[in-house]
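Start counting the sequence shown at 2; every next residue gets the next number (the numbering used here). Glycine is no exception: its CB is placed at the ideal position from the N, C-alpha and C atoms.
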Amino acid sequence: MTHPLLLPMAAHVALAALLYVLLTVARAPKIWGIGQRADGSNPWATIEPRISANLSNQFEWPLFFYAACLLLIQGQVDSAVAVLLAWGFIAGRLIHSGVQVFTGNIRLRGLVFTINFLAVLGLWAVLLQAQLAGSAV
2 MTHPLLLPMA AHVALAALLY VLLTVARAPK IWGIGQRADG SNPWATIEPR
52 ISANLSNQFE WPLFFYAACL LLIQGQVDSA VAVLLAWGFI AGRLIHSGVQ
102 VFTGNIRLRG LVFTINFLAV LGLWAVLLQA QLAGSAV
């Protein structure tokens, strides 16, 4: 049986893959000359650095998401709260990516990041609680 935490983890991998595709498309006019404007400029020039920065962000705080999920899976901790927090993390990542890529609103981005931050802290709290309660984590 598949552990329910695998699906949110796979969803984050899909988000990172989508960002790689978007970055490739955004860089195509500059690198391959595909999709340039008539004047030779890149129509994605303003958004390309934001996609790149967001892609880099997918390998920072999410590291702690993956670590918590893997430890919960390994310890066979089956927690509805953990699954809810994991999906909350994914929702927050999607919103955070949208805000970072399509707006320059740093304040909103920080607020949205709080969703991700708290969800991961919650996952670690579930993990620690399971450990303290004597689960095989």
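In the structure shown, residue 104 adopts coil according to DSSP, grouped into three states.
CA-CA distance, residue 133 to residue 30, rounds to 55 Å. Burial check for residue 106: the Cβ neighbour count within 10 Å stays below 16, so the residue is exposed. The alpha helix (DSSP H) runs lying completely inside the stretch 49 to 123 and spanning 4 residues or more are 49 to 58, 63 to 75 and 81 to 103, given in chain order. Judged by DSSP in its simplified three-state form, residue 9 adopts helix. Residue 32 carries a helical assignment under DSSP once its states are collapsed to helix, strand and coil. Within its own chain, the residues whose Cβ lies closer than 6 Å to the Cβ of residue 66, once the five positions on either side in sequence are excluded, are 90 and 121, listed in chain order. Going by beta carbons, residue 18 and residue 45 fall outside the 9 Å limit. Residue burial is scored here from C-beta neighbours: residue 2 has fewer than 16 other C-beta atoms within 10 angstroms and is therefore classed as exposed.
Looking only at 124, 6, 85 and 103, the smallest Cα-Cα distance to residue 20 is reached by 103. The C-alpha of residue 50 is placed about 19 Å away from the C-alpha of residue 41.
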